[in-house]
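Here's the structure we're looking at; comments come further down.
Written out as structure tokens, the structure is:
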């Protein structure tokens with residue numbers, strides 16, 4: 008845990024996920040406008056963040072367990088191939104499989120929607136390269152007498168740091184759009200974050216295979 012950069016990347020990826028309207032703030036704003044209450048926007052952020060965190064946790068804990076079972080080189084190759092495959096699929100077919108949910112949904116439905124959206128975007132997969140140095144540090148700690156449970160503690164902390172960054176950015180954008188900007192600016196121009204995300208998945212996957 009002496010390395011700072013993985014934690015900064017976790018925060019940066021969380022901020023990027025929060026910036027993406029497909030990850031939740033757009034729905035929170037739309038739900039708030041539909042019910043004409045700012046409180047609805049704020050309450051909606053909690054299940055959105057929870058669903059996102061659960062989707063991230065599935066990948067993070069899977070990588071933690073897998074990293075203890077196979078060699079680092081094998082994990083790197085497997086992760087690279089998985090990132091490239093998921094990024095390519097998302098680039099070619101992701102727009103055809105949008106998850107739709109009505110404005111009458113409750114908090115549980117919103118959490119499920121957020122979980123499915125984060126999973127479909129491969130949000131947790133992008134954390135794999137960041138988790139590798141953290142797992143290496145944990146393995147080094149094990150060699151010096153620290154318990155194996157430290158790996159799960161680091162994984163849980165990674166999920167918490169990433170999700171908190173996502174929640175903060177999502178909340179700031181949602182309130183800003185609801186109170187001042189409105190949704191009209193999306194029609195005037197918005198960066199295609201899905202395209203950027205798919206390219207990033209493929210790019211990171213290639214780096215894992217090359218390095």
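Residue numbers (this note's numbering): 8 to 218.
Glycine included, each C-beta is placed from N, C-alpha and C at the ideal position.
Item	Value
Residue 123 versus 69, 170, 60, 83, residue with shortest Cα-Cα distance	60
Same chain, Cβ closer than 6 angstroms to residue 90, neighbours up to 5 away in sequence not counted	132, 208, 211, 212
For residue 18 and residue 12, the rounded distance between their alpha carbons	10 angstroms
Neighbourhood of residue 25 by C-beta distance below 6 angstroms, restricted to the same chain and skipping five residues each side	173, 176, 177
Backbone CA spacing between residue 47 and residue 38 [nearest angstrom]	7 angstroms
Residue of 114, 49, 118, 21 minimising C-alpha distance to residue 184	49
Segments assigned alpha helix (DSSP H), at least 4 residues, entirely inside the region 26–50	32–42
Backbone CA spacing between residue 182 and residue 36 [nearest angstrom]	8 angstroms
Chain-order list of residues whose beta-carbon lies under 6 angstroms from that of residue 22 (same chain, five-residue window excluded)	172, 176
Reference residue 20, options 217, 136, 92, 10, closest by Cα	136
Of the residues 94, 33, 215, 15, the one placed nearest residue 127, counting alpha carbons only	94
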